[in-house]
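First residue of the sequence shown? That's 11 in my numbering, and the numbers climb one at a time after it.
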Amino acid sequence: MRKEQGRADFEIKIAWITAHLGAEGNELVDKAVKEAAEGMSDSFDLLPPYLAKHRSGLPARLSALKQVHNAKLR
């Protein structure tokens, strides 16, 4: 991904996945999501620099993220 980020047509697509049984790293993801939903995460500080510059445009709450995602699906 780092190799691609310098391209003019580089984009990241975020998709809401309601179930990820059998996915690699499932337990780590579940733990991180739970911490973020409970407000125990400083995840913005962990973003790569090319994403961190956009953090002000990212919803801070899980419910807000779901609303944005669902609105884009309509």
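Each residue gets a CB set at the ideal place from its N, CA and C atoms; glycine is no exception. None of the values given here were measured: they were computed from a predicted structure.
- Following the DSSP letters along the chain, one finds Lys44 inside the alpha helix (DSSP H) bounded by residues 36 to 47.
- Leu38 and Glu48 have their C-alpha atoms some 16 Å from each other.
- In the same chain as Ala18, and ignoring 5 residues on each side of it, no C-beta atom comes closer than 6 Å to its own.
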